[in-house]
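K.L.:
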Amino acid sequence: MTVRPILTAPDPRLQAVSTDVDAVTDEIRTLVDDMAESMYAADGIGLAAIQIGVAKRVLVIELDKKDGKKNPVAYINPKVTWASDETAVFEEGCLSVPEIWDDVERPARIKAEYLDRNGKKQTLEADGLLATCLQHEMDHLNGVLFIDHLSRLKKSMAVRKLTKAKKLKETA
Ligand SMILES: [Zn+2]
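Numbered by the working numbering, the letters in the sequence shown go through residues -3 to 168 in order.
So, in structure tokens, the structure goes:
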């Protein structure tokens, strides 16, 4: 398992629309394992493949690390099949949008289908943090970041801050 560098905004690669995985092969399982390692190394709770530069519809989420035991869940080709009218607001952050957190409103409950790491079709109904996290990560597969959900003013402030931080990093 390899920790791979995580892309940060602004980066045009993060706007790519990822493509479906044709078959869940060992190559995909290696990608999943690398994503999990990269996510843990960065202390995140979710990661989309595009965040390490791979434009495939693969997510890894780990919300309840119990007693330090790792149990990352892979969601391959995930699709929302139903979303509630009721919404929920969570303060979101993103490993690709460092140092910025803001409230985002999304459907409170969703139903989704996906393939697990063995290529088996699964369905789930999610609420709370998992519902938000899944929607945030699925957005990445369509090239959308959580700051794209903010007001135009807030988004432009965020982009300015990110651009500045990146320039400072490059000249450091
Ligand atoms: Zn994110």
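We put the beta carbon where it would ideally sit given N, CA and C, even for glycine.
For residue 43, which three-state DSSP category applies?
P.N.:
Residue 43 falls in the strand class under three-state DSSP.
K.L.:
Roughly how many whole angstroms lie between the Cα atoms of residue -1 and residue 31?
P.N.:
Between residue -1 and residue 31, the C-alpha separation is close to 7 Å.
K.L.:
For the pair the stretch 54 to 61 and the stretch 77 to 86, tell me if three or more CB-CB distances fall below 8 Å.
P.N.:
Judged by Cβ distances under 8 Å, the stretch 54 to 61 makes no contact with the stretch 77 to 86, as fewer than three pairs qualify.
K.L.:
What are the uninterrupted segments assigned as beta strand (DSSP E) that are 3 or more residues long and contained completely in the stretch 71 to 141, given in chain order?
P.N.:
Runs found: 83 to 90, 93 to 103, 105 to 111, 117 to 123.
K.L.:
Starting from the Cα of residue 162, find the closest Cα among 108, 6, 44, -3 and give me that residue.
P.N.:
Ranking the options by Cα distance to residue 162, first place goes to 6.
K.L.:
Taking just the CA atoms, how far does residue 117 sit from residue 66?
P.N.:
Their Cα atoms are separated by approximately 23 Å.
K.L.:
Tell me residue 15's beta-bridge partners as DSSP assigns them.
P.N.:
Residue 15 pairs with 52.
K.L.:
Between the Cα of residue 109 and those of 53, 160, 164, spot the shortest distance and give me the residue it belongs to.
P.N.:
Per the Cα distances, 53.
K.L.:
What I want to know is whether the C-beta of residue 90 ends up closer than 6 Å to one or more non-hydrogen atoms of ligand 1.
P.N.:
Answer for residue 90: yes, Cβ within range of ligand 1.
K.L.:
Can you tell me whether residue 57 is helix, strand or coil according to DSSP?
P.N.:
Strand at residue 57.
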